[in-house]
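**Q** What follows is a structure written as structure tokens; I'll ask about it next.
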Amino acid sequence: MAEKVLTARFEKLGSHRLESYERDHGYKALKQALSMKPEEVVELVKASGLRGRGGAGFPAGVKWGFVPKESEQPKYLCVNADEGEPGTFKDRYIMVLDPHAVIEGSIIACYAFGAHAAYIYVRGEFKKPQRRMESALLEARRAGYLGKNILGSGFDVDIWVHPGAGSYICGEETALIESNEGKRGMPRLKPPFPAIVGLFGGPTVVNNVETLAYVPHVINRGPEWFIGLGSEKNGGTKLFGVSGHVKKPGLYELPMGTPLREIIYAVCGGIRGDKKLKAVIPGGSSTPVLKPDQIDVNMDFDSLAGIGSMFGSGGIIVMDETTCMVRAAARLAKFYAHESCGQCTPCREGTPWIAKILSRIEGGHGREGDLELILDICDNIQGNTVCPAGDACAMPVRAFILQFRTEFEEHIEKKKCPIGRFPAPW
Amino acid sequence: MAKLTIDGREIEAQDGQSVLQAALECGIHIPHLCYHPALKVVGSCRMCLIEIEKVPKLQVACGTPVRDGMVVSTQSERVRKARRGVLEFLSINHPLDCPVCDQAGECKLQDYCFEYGQAESRYQEDKRRFPEQDLGSTLVRDMNRCIHCTRCIRFLRDVAGAEAFTLYERGNRTQVGTYLETPVETPFSMNLVDACPVGALTSKHFRFKGRSWLMEKTRTLCAGCSRGCNVYAWSQKGRVLRLTPAENEWVNRFWLCDYGRLTVNDVNADDRLGDALRLGDCVDPEAALDQAAAKLKAYVDAGAGDKIGVVASARLTNEDNYLIRKLAREVLGTRHLAFVEGKEDDRPFEPSDRPLTEWFIREDKMPITWGARDIILSGEPAGDVLGLIAKARRGELKALLVFGEDLTRVTGEDRVVEVEFLFATGTHKTRTVELAHIAVPEATYLEKGGTFTNEEGRVQRLRPVVAPPGRARSAWQTARELAGRMGAGWSYRATAEVTAEIAAKVPGYQEVDFIEMPEEGQMVEHA
Ligand SMILES: Cc1cc2nc3c(=O)[nH]c(=O)nc-3n(C[C@H](O)[C@H](O)[C@H](O)COP(=O)(O)O)c2cc1C
Ligand code: SF4
Ligand code: SF4
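Heads up: the protein sequence lines correspond to chains A and B, in order. With my numbering as the guide, the letters of the first sequence map in order to residues 576 to 1001. With my numbering as the guide, the letters of the second sequence map in order to residues 15 to 541.
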């Protein structure tokens, strides 16, 4: 088995306590970072090529570098712990089992781009992660890692938990900022970008929990080590949350670039009941679905983009031959329609339209031309919305239809599910 | 300065402007719905999508700052398709009830669907229905027509300083309205009707009264207070049906308060005066003027001209007041001239309702208190109205001429004053008109031309919108008739001639030009 980094401490008793973290060289990276110039920290993270683990894969060091050095407004870090994308379950484990890694990474990030305050925006339903983060923050504050003049460095920083108000869209970075300000969680129009005008009007970086938890390791062990775990542009390991019809679903830490086939068959033990594989969503519900003949792909940002899908957040959803693709697509569209913030026209009106047509087809009332219509609606949504949530619905729906077109057509012609599934009750 | 190309046309724009602002300034219309020049840009309707060379995605013109060398297309096939898509999305759940919608004819959604939309609907699913919500005495909400542009919310929050409206629910269940159906009773609520680009918010006052394409639209002024807001008066069959704001960057920007809008009710009231009255009975106006002039001439001939009191008003036009003054000074030869002016302490709203920006109703509810000071006083001291009445009560005045005012409102009593001869003009059947020996009907501000000088010294043009009822005319015309009958030989035929004389005679007004007056008015110096 390959090296474990983020999950290395997960199974230790009391892994979430400060003493356990310190025993495992916790906060050593912070001390080292504080001895460097902030720009040097940014350069080091840039050199590692560490890419954001929240979905878009934007290099973290580059993002920090966008923040202006001088700013009249205070700068902020927002830690994105909203984890709402269906199929994704990783940040919650980091927060519960190794909260100090998130805190240490956040402090280093703040130091690197000059923020003195950070908020960990934890999804509303995540009560345990919220409590864990709170008590870890308390420990860190008592130990002098947070507060004024931390570790005698002259640098002030503090971090607070902001419980989310319960909406998927609050995971989108600008909606998160609005919600963190106490407003209705609605994405903002860009420009201005958060790095220039973000939380409370100040320059702001939004980073995913997993991204930040990796930062101390990058500082401790250097960019070469990080790249060596994966590849040049896709360094490090990654947390994969595998769910669906595999024998051993769960959270796995694997090197970037591990082939999808290996994950499904070697790591997760193959398909439940040794049935045939039908479809895989590779990185959370918004990423375009793959067919069985595509699973030799390496699981990293560029390889998946190369075959027209996306790496996303590492949430792999495996579906076997008993799964109705129309139903899967309809359920997914319903989710995005329900979670649209309602601000912009194509997403607000288009996503429920798609959901209605799909569930009509599933219910045996499909019409000729429905598929063309859905594809055209997807066209009219994609790229035309305020935030990428519109795309998050259009892209997977289009992929389901294009990849499994005959199954959709059979539904429409036979007016029922060809594999004998009854329509969903919703 | 940035130079950019829009649809092949090179234009110049100021740095920091958005592509939409720059395009609109050059007369290139990029369709837009949620953008409003006075409100924060949110870019949510997605109507103004444009294609920019070397930028992969379409961008919203309202939220894209201009850049030097930018090449923009607003008509490419990609843009047209996206725009058609947005219009389709906006229409699928819309009730398509244009025939019974008040906004029809001035609805941006309707116009854009006509220009860019597709005729046939591809939508075969159930339409969304929203529950009714009562918003109080001025507004009607039909959420089914709402396009979620949030202009209403932004108007209330950013301009009126009221957090009354909000979004609730999400996705396509999102509603715009008030929490727990609280009525919207701000003094500015009817601006929401103008801010709303569609028929989702309509006016209880105007609802179902007229179709926009059958009405005539005249740019004029509101006479509700001393601000002098620019308005469009919408009339049909000789009746003004509503007032809406006309843009004037310096006076009211895009807004008009509810009080001002509803002054139209006074114009349309049942108790308007259309005939001349003698002690309350109808008489022929010409005969009435003959009698009044004869009576006045008798005083003047007997050397008692100075025993005549004349009351002008800050409710009239500059032209009215100018000829009233001239009548008093030159024809009657009296020093007893006063005018009714606005009261400063007349609070239009509670302090807590005070808008964030200063674009609304003023405390002085008379349109030309300042103009009347300039014109009636012209540097001389004049007695105030109460002083004049006191003189009459002491028997020092034999006759009283009251233009356009109900003196009982000034005295607060039911009677005016006992004089030998009381002459009055009035727009309505007021107590003064009833008690007058001779009364002649007077036109309101929507029925006559002229100028107003507002509180900051801005002279603006008032235009006649509809004909006055019966034989009503402007006070300056009544003054001219009286003067003519007394042998003064005045030759004014049109308002402009009076304005020209004001420009020539009244200090500070020399630049005022009735015919060439710019839309935003002309500034004068108060004496
Ligand atoms: C609709 C939507 C939902 C998102 N939800 C999450 C989320 O739950 N957690 C997350 O980390 N990023 C989420 N993102 C991505 C964030 O916008 C942002 O890119 C990310 O937090 C940046 O962090 P990173 O650079 O460290 O990946 C979401 C994006 C969109 C468009
Ligand atoms: S794309 Fe959807 S979620 Fe994003 S701003 Fe528009 S309506 Fe809101
Ligand atoms: S009510 Fe009118 S102004 Fe308000 S959001 Fe709806 S369409 Fe826009």
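Even glycine gets a Cβ: it sits at the ideal position worked out from N, Cα and C.
Near Pro365 (chain B), which residues of its chain fall below 8 Å by C-beta distance, leaving aside the five closest residues on each side in sequence?
**A** Residue confidence for Pro365 (chain B) is low, a pLDDT of 46 falling below 50, so the modelled location carries little weight; the figure read from the coordinates is stated next. Closer than 8 Å at Cβ, skipping near neighbours: no residue.
**Q** With a threshold of 8 Å on Cβ separation, who are the neighbours of Val697 (chain A) within its own chain once the five nearest residues in sequence on each side are excluded?
**A** Ala656, Asp657, Met670, Pro704, Gln705, Met708, Val736, His737, Pro738, Gly739
**Q** Return the chain-ordered ranges of every beta strand (DSSP E) run that is complete within the stretch 43-104 of chain B and spans a minimum of 3 residues.
**A** Every beta strand (DSSP E) stretch that sits fully inside the stretch 43-104 of chain B and reaches 3 residues is listed by chain position as 63-66, 85-87.
**Q** Just to confirm, does Thr786 (chain A) get its C-beta within under 7 Å of one of the non-hydrogen atoms of ligand 4?
**A** Ligands in the displayed structure: ligand 1, ligand 2 and ligand 3; ligand 4 is not one of them.
**Q** Going by CA-CA distance only, name the one from A:Thr663, A:Cys953, A:Glu645 that's closest to Gly690 (chain A).
**A** One point to set straight first is that residue 690 (chain A) is Ala, not Gly, in the sequence displayed. The candidate whose alpha carbon is nearest that of Ala690 (chain A) is A:Glu645.
**Q** Step through the CB atoms of chain A and report whether any lies within less than 8 Å of the CB of Phe222 (chain B).
**A** no
**Q** So, does the CB of Ser366 (chain B) fall closer than 8 Å to a CB anywhere in chain A?
**A** At Ser366 (chain B), the pLDDT of 49 sits below 50, so the modelled position is not reliable and the matter cannot be decided from this model.
**Q** I think Cys76 (chain B) touches Cys62 (chain B), with their Cβ atoms under 8 Å apart; what is that distance to the nearest whole Å?
**A** That pair is a contact at about 5 Å.
**Q** Is any heavy atom of ligand 2 found at a distance shorter than 7 Å from the C-beta of Met61 (chain B)?
**A** No; taking the cut-off as 7 Å, the Cβ of Met61 (chain B) has no heavy atom of ligand 2 nearer than that.
**Q** Given that Thr188 (chain B) touches chain A, what residues does it touch there, using C-beta distances under 9 Å?
**A** Result: Ser915, Cys916, Gly917, Gln918, Arg923.
**Q** Collect the residues with a C-beta less than 6 Å away from any heavy atom of ligand 2 and give them in sequence order along the chain.
**A** A:Ile744, A:Pro762, A:Ser915, A:Cys916, A:Gly917, A:Gln918, A:Cys919, A:Cys922, A:Arg923, A:Thr960, A:Val961, A:Cys962, A:Ala964, A:Gly965
**Q** Output needed for Arg171 (chain B): all residues of its chain with C-beta closer than 7 Å, excluding positions within five of it in sequence on either side, in chain order.
**A** Closer than 7 Å at Cβ, skipping near neighbours: Glu177.
**Q** Can you name the residues of chain A whose CB is closer than 8 Å to the CB of Cys616 (chain B)?
**A** Residue 616 (chain B) is absent from the model: chain B starts at 15 and stops at 541.
**Q** Quick check on DSSP: helix, strand or coil for Ala27 (chain B)?
**A** strand
**Q** Among B:Gly83, B:Arg184, B:Ser58, B:Lys68, which has the Cα closest to the Cα of Ala16 (chain B)?
**A** B:Gly83
**Q** Near Ala540 (chain B), which residues of its chain fall below 8 Å by C-beta distance, leaving aside the five closest residues on each side in sequence?
**A** Checking the sequence, you will find His at residue 540 (chain B) rather than Ala. Take His540 (chain B), set aside five residues on each side of it, and the residues of its chain with a beta-carbon closer than 8 Å to its own are Trp384, Arg387, Asp388, Gly471, Gly522, in chain order.
**Q** Going by DSSP, what residue range makes up the beta strand (DSSP E) through Asp895 (chain A)?
**A** 890-895
**Q** With H, G and I counted as helix, E and B as strand and the rest as coil, what does DSSP make of Pro365 (chain B)?
**A** Legend: pLDDT at Pro365 (chain B) = 46, less than 50; position of this residue unreliable, value from coordinates given subsequently. Helix.
**Q** With a threshold of 16 other CB atoms inside 10 Å of the CB of Tyr651 (chain A), please say whether the residue is buried or exposed.
**A** buried
**Q** Would you identify the three-state DSSP class for Arg159 (chain B), choosing helix, strand or coil?
**A** It is helical.
**Q** By DSSP's criteria, Tyr246 (chain B) is part of a beta bridge. Which residues make up the other side?
**A** B:Arg233, B:Thr258
**Q** Do the stretch 474-492 of chain B and the stretch 283-295 of chain B meet, that is, are 3 or more Cβ pairs less than 8 Å apart?
**A** By the Cβ criterion, the stretch 474-492 of chain B is in contact with the stretch 283-295 of chain B, since at least three pairs of Cβ atoms, one from each stretch, lie closer than 8 Å.
**Q** Mind the definition here: the stretch 128-148 of chain B touches the stretch 106-113 of chain B only if three or more C-beta pairs lie below 8 Å; say whether that holds.
**A** yes
**Q** Where does Cys296 (chain B) land, buried or exposed, given buried means 16+ other C-beta within 10 angstroms?
**A** Classification for Cys296 (chain B): exposed.
**Q** For a contact meaning CB atoms closer than 7 Å, what does Ile106 (chain B) contact in chain A?
**A** Glu924, Trp928
**Q** Quick one: is the Cβ of Val657 (chain A) within less than 7 Å of any heavy atom of ligand 1?
**A** The sequence shown places Asp at residue 657 (chain A), not Val. True, at least one ligand heavy atom lies under 7 Å from that Cβ.
**Q** Quick check: what's the CA-CA separation for Ile734 (chain A) versus Ala711 (chain A)?
**A** 11 Å
**Q** Run through the stretch 581-664 of chain A for me and flag every whole beta strand (DSSP E) of 3 or more residues, listed as ranges in chain order.
**A** 651-656
**Q** Hey, which unbroken runs of the alpha helix (DSSP H) at 4 residues or more fall wholly within the stretch 311-392 of chain B?
**A** 332-340, 383-386
**Q** Got a sec? Which residues, its chain only, sit under 8 Å from Asp424 (chain B) by beta carbon, not counting five neighbours each side?
**A** It should be pointed out that residue 424 (chain B) corresponds to Val in this sequence rather than to Asp. Same-chain partners within the cutoff: Val354, Val399, Leu400, Ile403.
**Q** Could you tell me whether any Cβ in chain B is nearer than 8 Å to the Cβ of Thr960 (chain A)?
**A** yes
**Q** Just to confirm my understanding: we take Gly119 (chain B), look at its own chain, exclude 5 residues before and 5 after, and list those with CB closer than 8 Å. What are they?
**A** Arg225, Ser226, Trp227
**Q** Label Asn266 (chain B) either buried or exposed according to how many other C-beta atoms from any shown protein chain fall within 10 Å of its C-beta, with 16 as the threshold for buried.
**A** By the 10 Å Cβ count, Asn266 (chain B) comes out buried.
**Q** Quick one: list the residues of chain A neighbouring Val93 (chain B), beta-carbon separation under 9 Å, in chain order.
**A** Chain A residues near Val93 (chain B): none, gap ~10 Å exceeds 9 Å.
**Q** Within the 8 Å Cβ cut-off, does Phe103 (chain B) reach chain A?
**A** yes
**Q** Shorter than 8 Å from the beta carbon of Ile976 (chain A) to some beta carbon of chain B?
**A** no
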